[in-house]
Structures are given as structure tokens and as C-alpha cells.
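Below is one structure, written out as C-alpha cells, with a few remarks after it.
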Amino acid sequence: MSAQAPVAPALAQGAASAATFEPVIIGFTCNWCSYRAADLAGTARTKYPPNVRLIRLMCSGRLDPTFVLKAYAEGADAVLVTGCHPGECHYIEQNYKALRRFQLLQRTIEALGIEPARLQLVWASAAEGVRLASEIARVTEEVRALGPLNWPAGNIVDIDSVNLDAAWEATGGDAGGPPAMPDGVDPEHEAEVAQ
Amino acid sequence: MSPTARSNGAAKAAAKSRAKPKLAIFGAASCGGCDVAIVNIHEHILEVAAAFDIVLWPTIMDGKYADIEAMADGEITVTLVNGSMRTDETVHLARLLRRKSKFMVAFGSCASEGCIPGLANLSSRKEIIDTAFSTVSTDNPDGIRPIWEYQAPEGVLHLPEFEPMLRTLDQVVDVDYTIPGCPPESKQIWAALQAVVAALNGTGPLPPKGSILGAGESTVCDECARKRDVKKIDRFVRIQQVAQFDPEICLLEQGLPCNGPATRDGCGALCPAVGAPCIGCYGAAEGVVDYGARLISAYASIVEATKPEEIDRVLDGIVDPAGQFYRFSLAGSLLRSSRAAWNSDGEK
Numbered sequence: 279m280s281a282q283a284p285v286a287p288a289l290a291q292g293a294a295s296a297a298t299f300e301p302v303i304i305g306f307t308c309n310w311c312s313y314r315a316a317d318l319a320g321t322a323r324t325k326y327p328p329n330v331r332l333i334r335l336m337c338s339g340r341l342d343p344t345f346v347l348k349a350y351a352e353g354a355d356a357v358l359v360t361g362c363h364p365g366e367c368h369y370i371e372q373n374y375k376a377l378r379r380f381q382l383l384q385r386t387i388e389a390l391g392i393e394p395a396r397l398q399l400v401w402a403s404a405a406e407g408v409r410l411a412s413e414i415a416r417v418t419e420e421v422r423a424l425g426p427l428n429w430p431a432g433n434i435v436d437i438d439s440v441n442l443d444a445a446w447e448a449t450g451g452d453a454g455g456p457p458a459m460p461d462g463v464d465p466e467h468e469a470e471v472a473q
Numbered sequence: 005m006s007p008t009a010r011s012n013g014a015a016k017a018a019a020k021s022r023a024k025p026k027l028a029i030f031g032a033a034s035c036g037g038c039d040v041a042i043v044n045i046h047e048h049i050l051e052v053a054a055a056f057d058i059v060l061w062p063t064i065m066d067g068k069y070a071d072i073e074a075m076a077d078g079e080i081t082v083t084l085v086n087g088s089m090r091t092d093e094t095v096h097l098a099r100l101l102r103r104k105s106k107f108m109v110a111f112g113s114c115a116s117e118g119c120i121p122g123l124a125n126l127s128s129r130k131e132i133i134d135t136a137f138s139t140v141s142t143d144n145p146d147g148i149r150p151i152w153e154y155q156a157p158e159g160v161l162h163l164p165e166f167e168p169m170l171r172t173l174d175q176v177v178d179v180d181y182t183i184p185g186c187p188p189e190s191k192q193i194w195a196a197l198q199a200v201v202a203a204l205n206g207t208g209p210l211p212p213k214g215s216i217l218g219a220g221e222s223t224v225c226d227e228c229a230r231k232r233d234v235k236k237i238d239r240f241v242r243i244q245q246v247a248q249f250d251p252e253i254c255l256l257e258q259g260l261p262c263n264g265p266a267t268r269d270g271c272g273a274l275c276p277a278v279g280a281p282c283i284g285c286y287g288a289a290e291g292v293v294d295y296g297a298r299l300i301s302a303y304a305s306i307v308e309a310t311k312p313e314e315i316d317r318v319l320d321g322i323v324d325p326a327g328q329f330y331r332f333s334l335a336g337s338l339l340r341s342s343r344a345a346w347n348s349d350g351e352k
């Protein structure tokens, strides 16, 4: 748990430039449907963007919300959850749990300042290779439009290395930096308060 | 070496072996509740004073940082740090104490996972300072803002700098043990201190590094006496919306968001026993990586709804998801803070 050791390398290092930005999307697939849909897309030579890194779970209900948060923390720009259509779960009703976790997670990440569109849910049966491919393409373009997430938690070794003066200026509040002079009154703030 | 010198050395060594182990108790960004909880072990505090030479405990007794600086590395046997890392001063002192201590203990929720002060990580530093100094209701006619350096006629004065983000102790220094709780229960503190004393006397095992002391390995639900039956709920309620909850049945089953399923046991399930939901002050249960994620998982599992709009209606009952799921653990969570707070570090 020590943050002194590097936690993990960033997945999307250097993805800052908007023109060349290739989003990294972690996709969770269900063994019984969406994974097979992705497989079918492959067999049928249907192309989908390589931005999505698919991870197979036994069921979308296996998706621990921890996986999603860890993906963001370690550099993913978005997470795509896929599973069997409602009513068609191999384990009867676990995809409903996935749906509810997804909806609750979306609310939570929004409260933490992450756009809800960075977490998407797509149902795909084993026969829907083409549809899954087109959905992956859609999600990729949506995330590309949002830009990089660049969550620094996984990258930061020691935030003490951050230049605090620059940080202060970046807040936009105190041009001239924190050390306001002798009477302690910064004219900018007076103006701010006057407004 | 002359015989005299040798005997002097031997005497000193003997004196050293008789010397009591040193204990430091340091409060960083904290409310003082942890100190109260320690004193609340009642007369046992005298046994603590008998077993240890208390070298630093700013809330209770005099002690000088200069004396700590003058110590040899590792000279303090145990340091209990309560409070979180909020200013560069606390970070500096945590590092100093780490150097001087054999065992560093994150004591209480603030030090181990950020606690309530960690909720400041939902906002950027500018938003926090604006709230404190520049809201309509703030009486601050001169628009004074905090400054970290001040040019006095005698020289430059430095004040503790408010860091862009609040950090937990283990995000700043290496931590040997953790005692969870806000504050830790006094009987648990005493049990943990006894274990430490036993280990130092060689009469008990030294807990492995990274151990959680003074708490259980399960969840608050396991300690809770309420009856659990079928966990299916079709609405979440706030405690003020219901006149009377059933005193026997699980609060979560009655629709009250209770954090028991994700929270470590050790407190004795005090809150649900008196009809208040667990709010999670004992931190993540054993094996839980991210407290909020575990709770999201638990809540989502028991909502009885299958259509997105029905689910939304039920989830609307959780009015503040970030506050509900990360009330005590935001700074120590996987994401650590909101995007606004990360952005106030100036790099992004």
C-alpha cells in the first residue's frame, strides 16, 4: 500500500496530445456472450478499434467495482462493461447485478469528477459480433472526444516533487503566487471579494 | 581502552538496557479525538507511563521537536501518529518521526485512510480556501488569504503550507502497523498497547509488519446483533425520513444505507445497536482494496429492481454517493480524490 513505491506504469503515457490521442479502454466481457461476440467479430474479420483491451470474466456479475476504479487509477481513459442481454444471463440474473453496479458506479465517479461516459455498459449476445464491434467503435470515438483521463494516482511516486508555486498559480486564484506581501492583502483577492 | 573507560561503557550499556522504551504520540491534521480515546483507557494510562518513556505527546505534555531531532535514528521504539497529512509541516514531522522510530503506527482513521478531513479531497485547494476565506458569509473585509511565507522585519517567516491534497500516513512514510477507527475504541487501544508491550518484553509475538491492530478480521455485520433475513430493498431512506425503525431487523434491509458490509469489525457494532447506521469509521474490512467499491457492490446486489429507470429511482435515495461510500476512506482509496483536487497539484 505504500505510495513510496511506484504503483504501476501508466497505460497511456504520452497520450496528451489531442490530435494523436488514442484512448485506452479496458473492456470486461462475459465468457458466455460478449467474449464470444468479440471472438465472432474476429472470426468474421469484422474490425473494431484496438483501443479496447478485453478482459474475460465468467459473468458481468463478476465485475467488482474495484476493477473499474483500479483501471482509472492506473491510466485507463474509460471502462466498457459488456454482458448478456437482460433475461439471458448464463447465471440467471447476475447481469442485473452488473447493471445496478454500473448505474451506482456511474453516479459515484461523476461525484469524483469523472465523466459518466467513461463508464459504459453494452449488452451483446454471442451472435452479435458486428454489433459489439460497432459499439466498441462508438465508445472509442466518444472517449476520444472526451480526451485523456490521465488519473495520476497510479503514476505518482511522490507528490512532494510537485512544484507548489506552480500549483498555486494553476489554481488561477493567486497570480503572483502565495507569498503576498507584508500587509497580507493580495489585491487580486480584494477584487475577487468585491465582486 | 583503559579499564575505567571499559567499565564506563559497560555501565552505560547496562543503564541503556534498563532504560524504558520510548513512546511518541503525534497528532497531525486531527481533531484530538484520538488523544481523548487514548486517555480514555483510564488508569491503564499509568501502566503506559510505567512501561514507556513518553518523549512526545503534544496534546498531553510538553515535548520539543528539537529533542526529537537530536535523537539517534530509531531511538523511539513506537510512534503513534493520528491525523492526516494536510500541510507540509505534518509531512515533515511524520518523516522526522519515521526516521527516529523503530515502529510507526498509523493510529486512527485519519492516519490510515484520510477520514472526514479526507473529504476535502473532493475539492480543489482553491475551492477549499475560497470556502474558508471568501464566501458571502465570511467576515473577511480585507480579503485576507493564507500565505505561507511572510517577510517580517526580522526575516522571513514560514507557515505550514496547505498541500493540494490530503494524504494518508502511508502515502508519505513507511507504516508498520495500523490501528483503525474514528477514534479507535479505548479497549482496543489498550489491547493493542498490551500486545506491543508484550512483544517488547519478549512475552508475546511481534505482529507481522503491515498488521491491523486493535480490530477484527471480518465486518461490522458479523458483530451486529440485528437479524438478517432476505436482503432485498426497493428504496433507500434517510434516517430522518422514518419515525421508527424496527429495533430487531438489519437496518440495510429496512432501506437505511448502512456501511456494515464493507467495514472492519472491532467497534462492537455500537451504532446499529442504537439504531444508527454504520458509517464506516473502522475502515475497510480484511481483503478489501477499495472501501467504496466494496460498498457499491454490496448495495447494488440487494436493490430489487431490474429496469434501468427503476434502479435509478431506488439509487436516487443515496443522495451523496461519494460521501456515502468514501466518508472515511477517500484519501486512502484507489482514486484518492476528485479530479478537481488532483488538478490543483498544478501538474495537470
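First to last, the protein sequences are chains A and B.
Counting along the first sequence from 1, when you hit position 92 you're at 370 in my numbering, and nothing is skipped either side.
Counting along the second sequence from 1, when you hit position 24 you're at 28 in my numbering, and nothing is skipped either side.
The beta carbon of each residue, even a glycine, is placed where N, CA and C say it ideally should be.
- Taken in chain order, the complete alpha helix (DSSP H) segments of 4 or more residues contained in the stretch 34-92 of chain B are 37-43, 48-55, 69-74.
- Among the residues facing chain A, Val234 of chain B is not included, as its CB has no counterpart in that chain under 7 Å away.
- In the three-state reduction of the DSSP assignment, Cys308 of chain A falls in the strand class, which pools E and B.
- Chain-order list of chain A residues neighbouring Arg343 of chain B: Leu390, Gly391, Ile392, Leu427, Trp429, by C-beta distance under 9 Å.
- Along the stretch 332-363 of chain A, the positions whose C-beta sits under 7 Å from a C-beta of chain B are Asp342, Pro343, Thr344, Leu347, Lys348, Tyr350, Ala351, read in chain order.
- Inclusion of Ser341 of chain B and Tyr330 of chain B in the CB contact set at 7 Å is not warranted, their separation being larger than that value.
- In this structure, the straight-line span from the alpha carbon of Val43 of chain B to that of Gln192 of chain B is close to 13 Å.
- Beta-bridge pairing by DSSP links Ile151 of chain B to no other residue.
- Under the 8 Å Cβ criterion, the stretch 314-324 of chain B does not count as touching the stretch 84-99 of chain B, having fewer than three qualifying pairs.
- In terms of beta-carbon proximity, Ser116 of chain B stays away from the interface with chain A, with every pair separated by 7 Å or more.
- By the criterion of at least three beta-carbon pairs nearer than 8 Å, the stretch 346-361 of chain A is in contact with the stretch 392-399 of chain A.
- A residue is called buried when at least 16 other Cβ atoms come within 10 angstroms of its Cβ; Arg343 of chain B meets this threshold and is buried.
- Under the three-state reduction of DSSP output, Leu335 of chain A falls in the strand class.
- 7 Å or more divides the Cβ of Gly365 of chain A from the Cβ of Ser338 of chain A.
- Its chain contains no residue whose beta carbon lies nearer than 7 Å to that of Pro325 of chain B once the 5 sequence neighbours on both sides are disregarded.
- The C-alpha of Arg379 of chain A is placed about 34 Å away from the C-alpha of Val177 of chain B.
- Contact between Gly185 of chain B and Ser113 of chain B holds, since their C-beta atoms are separated by about 6 Å, short of 8 Å.
- Among the residues facing chain A, Asp294 of chain B is included, as its CB has a counterpart in that chain under 7 Å away.
- For the options B:Pro276, B:Thr267, B:Leu299, B:Cys275, the alpha carbon positioned closest to that of Glu290 of chain B is the one of B:Thr267.
- Judged by DSSP in its simplified three-state form, Gly112 of chain B adopts helix.
- In this structure Thr81 of chain B touches Lys106 of chain B by the C-beta definition: roughly 5 Å separates them, less than 8 Å.
- Each residue's CA atom was taken as its position, placing Ile64 of chain B and Val109 of chain B some 19 Å apart.
- Beta-bridge partners of Ser105 of chain B (DSSP): B:Ile80.
- Look at the stretch 363-388 of chain A: the residues with a C-beta under 9 Å from a C-beta of chain B are Pro364, Gly365, Glu371, Tyr374, Lys375, Ala376, Leu377, Arg378, Arg379, Phe380, Gln381, Leu382, Leu383, Arg385, Thr386, Ile387, Glu388.
- With a threshold of 7 Å between beta carbons, Leu101 of chain B makes no contact with chain A.
- Listed along the chain, the chain A residues whose CB falls inside 7 Å of the CB of Arg340 of chain B are Ala431.
- Nearest in C-alpha terms to Ala351 of chain A, of all of A:Ile392, A:Tyr369, A:Cys367, A:Leu377, is A:Ile392.
- The bridge partners DSSP lists for Phe30 of chain B are B:Val85.
- The beta carbon of Pro251 of chain B sits closer than 8 Å to the beta carbons of Gly279 from its chain, once the five residues preceding and following it are set aside; these are given in chain order.
- Against chain A, the CB of Ala326 of chain B has a partner CB under 7 Å away; the residue lies at that interface.
- Listed along the chain, the chain A residues whose CB falls inside 7 Å of the CB of Tyr286 of chain B amount to none; the nearest CB is some 17 Å away.
- In the structure shown, Phe166 of chain B adopts extended strand secondary structure according to DSSP, grouped into three states.
- C-alpha of Ala53 of chain B to C-alpha of Gln384 of chain A: approximately 51 Å in a straight line.
- The Cβ-Cβ distance between Gly264 of chain B and Val241 of chain B does not fall below 7 Å.
- If you ignore the 5 residues before and after Ser222 of chain B, its C-beta comes within less than 8 Å of the C-beta of Arg268, Asp269, Ala289, Glu290, all in its own chain and listed in chain order.
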